[in-house]
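*Asks:* Pasting in a structure now, in C-alpha cells, and then I'll have a few things to ask.
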Amino acid sequence: MEHLHPWFIAAAFGVSAVLLVADAVLPRIKFQSLLRGILLRERRQPNPEHPTP
Amino acid sequence: MNALLLWFHRTGSPPHFDRFTARWMPWCFGLAVVLLIVGSWGALFMVPADYKQGEVFRILYIHVPAAWSAMFIFVAMAVQAFIALVWRIKACETLAVASAPVGAVFAAITLITGSIWGRPTWGTWWEWDPRLTSMLVMFFLYLGVIALHNAIEDRRAAARAACFLALVGVVNVPVVHFSVHWWNSLHQGETIQLLSAESRMHYSMLWPLLLTTLATKFWYLGSLLQRARVLNLENESAQPWARALAAESR
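Chains as they are written, first to last, in numbering that gives the first Met the number 0: chain A, 0 to 52; chain B, 0 to 249.
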C-alpha cells in the first residue's frame with residue numbers, strides 16, 4: 000500500500016484545491032450575472048423622461 | 000455617538016457594506032493563497048515523513064485546518080445569527096447566511112481528506128465513528144441552513160429561519176470536539192495544542208500546520224465577504240446604488 004501514498008496525498012490536496020477554487024469562483028460568477036441582470040432590467044424599463052407617442 | 004458604533008452602523012448600510020467587502024476581500028484571499036502555498040510546500044516537501052504513518056500523514060496538513068475551520072465557522076455563524084435575531088441587524092443576517100456555504104466547503108474537505116487518509120491508515124474509507132458521524136451531521140447542518148434560506152421566498156423571513164437553525168445547530172460543535180473523549184472512538188485524540196507549550200508535535204513538523212490553519216481563517220474571511228456582497232446586491236438590486244454599480248461595471 001505504501002507505494003500508493005503519493006497518489007492518496009495528491010488526491011487529497013487536489014480535491015481540496017478544486018473545492019476552494021469553486022468556493023472562490025462561483026460567487027464571483029453569480030455577482031457578475033446579478034450585475035448583468037440589473038443592467039438588462041434597466042434597459043427593458045421604459046424611460047419616463049422620454050415617453051413614446 | 001461612539002466612533003466604533005458609528006463605524007459599525009455606517010458599514011451596516013448596504014452601499015457602504017458593498018464598498019467595505021470589495022475593498023477587503025482581495026486582501027483576505029491574497030493572504031490566504033500565499034499562506035496556503037507556503038504551508039502546503041512545507042507540508043509536502045520540507046517536513047520529514049512520520050515514523051509510524053509514513054508519507055500519507057501529509058494529508059493532515061489540509062485535513063486538520065479544514066476541520067478546525069468548519070467548527071470555527073459554525074460558532075462564528077451562530078454568533079452572527081444570535082446578533083441578527085436579537086438586535087435585528089440586517090448585515091449580521093447576511094453574514095450568518097453567507098457563512099454557511101464556506102463552512103460546508105470546509106466540512107466537505109474535512110470529510111473527503113479524512114476518508115482518503117483513512118483508507119491507507121485504518122484500512123477503510125468510512126467508519127461510523129462518533130467523530131466522523133458528528134462531522135457528517137455538521138456538514139448536513141450547513142446544507143440545512145443553505146436549503147432553508149433558499150426555500151422561503153420572503154428574504155428576511157428566510158434569513159431569520161436560517162439564523163434560527165444555525166443557533167440550534169451550534170450544539171453539535173462541542174459534540175464534534177469532545178466526541179473522542181466521550182465515546183470510544185477510532186479517531187485519535189488531540190495531538191496538537193496550539194496555545195500550549197506542551198504540544199506533542201515537534202516544531203519542525205508544526206510550522207506548516209500553523210500556516211495552513213491561518214490560511215483557512217483568511218480564506219473564510221475572503222469568501223464570507225464575497226458571498227455577503229452577492230447577498231447584499233441580491234437584496235438591494237432595485238436600489239439606486241446597485242444600479243449605479245451595474246452601470247459602472249459595463
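By construction, the Cβ of each residue, glycine as well, lies at the ideal position given by its N, Cα and C atoms.
Enumerate in chain order the residues of its own chain whose CB-to-CB distance from B/V63 is below 7 Å, with the five nearest sequence positions on each side excluded.
*Replies:* Only L208 meet the Cβ criterion.
*Asks:* Who are the neighbours of A/H4 on chain B, taking C-beta pairs under 7 Å?
*Replies:* G53, E54, V55, P119, listed in chain order.
*Asks:* Out of B/A2, B/L5, B/H176, B/M24, which one is the CA nearest neighbour of B/Y219?
*Replies:* Minimum Cα distance to B/Y219 is reached at B/M24.
*Asks:* Taking the alpha carbon of B/R228 as the point to measure from, which residue in B/S12, B/A150, B/N1, B/I145 has its own alpha carbon closest?
*Replies:* If we check each option's Cα against that of B/R228, B/S12 comes out closest.
*Asks:* Apart from the five residues on each side of it in sequence, which residues of its chain come closer than 6 Å, Cβ to Cβ, to B/A157?
*Replies:* For B/A157, where only same-chain residues beyond five positions count, the Cβ hits under 6 Å are H148, I151.
*Asks:* Taking only beta-carbon positions, decide if B/W86 is within less than 9 Å of chain A.
*Replies:* By this cut-off, B/W86 is not an interface position.
*Asks:* Determine the chain A residues that contact B/W218 at a beta-carbon separation under 9 Å, and present them in chain order.
*Replies:* Under the 9 Å cutoff, chain A gives L19, D22, A23.
*Asks:* Count the other CB atoms, across all protein chains shown, that sit within 10 Å of the CB of B/W116; report buried if there are 16 or more and exposed otherwise.
*Replies:* With 16 or more other Cβ atoms within 10 Å, it is buried.
*Asks:* Suppose the cutoff is 7 Å on Cβ atoms and the five residues either side in sequence are ignored; what does the same chain contact list for B/T120 look like?
*Replies:* Only Q52, V55 meet the Cβ criterion.
*Asks:* Indicate whether at least one CB of chain B lies closer than 9 Å to the CB of A/R43.
*Replies:* Closer than 9 Å: no.
*Asks:* Closest Cβ-Cβ distance between B/F139 and chain A: below 9 Å?
*Replies:* So no, B/F139 is outside the interface.
*Asks:* Nearest-angstrom Cα distance between B/A66 and B/P47?
*Replies:* Straight-line Cα distance between these residues: approximately 23 Å.
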